[in-house]
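Contents: one structure, followed by commentary.
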Amino acid sequence: MAWTIAGYAAAVMFAAVAIAALLAGMSAARALNACREAAKTLEAEGAESLRQMSRFASGAAEAAELCRGAARSAARLAEGGRAFGEAAARSAETAAAFMDAWRGRFVRWTQGDADSADEQCDGPPREVSPSEGEGRTG
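Here it is as structure tokens:
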């Protein structure tokens, strides 16, 4: 009878070990399935992140191109401003040369010496080159 009880005990223990192994296997299978699902989700999210990063990089490239265009436009604007400044300086020099050339005649004419002014102004005014007007101020 002791052998019978020992046999039953061994059978119960074997069944308990088998049930525990079966439960452990089922748990491992569930964990493996959860890992697979997590990997699929992670892969999908990674692909979406890559698409978003690609769109971001494309937007950044477009913004950089716009900035380069704006910088080129600003450089052209600065060059135009410089050329305008040079033209204004030349105009001022020409006006100063003109005033130097005609100041004496104008002063005499306004003071009533019309005959003398008429004699000096008997022809059309001559053109003054920009080099003649350099350095002359009012």
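So the sequence shown is residues -19 to 118, counted in the numbering used here.
By construction, the Cβ of each residue, glycine as well, lies at the ideal position given by its N, Cα and C atoms.
Three-state secondary structure assigned by DSSP to residue i
i	result
M(-19)	coil
Q91	coil
G118	For G118, the predicted model reports a pLDDT of 46, less than 50, meaning its position is unreliable and no value from the coordinates is stated.
Rounded C-alpha distance that separates residue i from residue j
i	j	result
A156	R10	What is shown of the chain runs -19 to 118, which leaves residue 156 out entirely.
C15	A4	16 Å
A69	R52	26 Å
A(-18)	A(-9)	14 Å
E17	S34	26 Å
A(-11)	N13	36 Å
G39	A27	18 Å
M6	A(-4)	15 Å
E42	Q32	15 Å
CB contact below 8 Å: residue i versus chain B
i	result
T74	The chain labelled as chain B is not found in the depicted structure, where only one protein chain is given.
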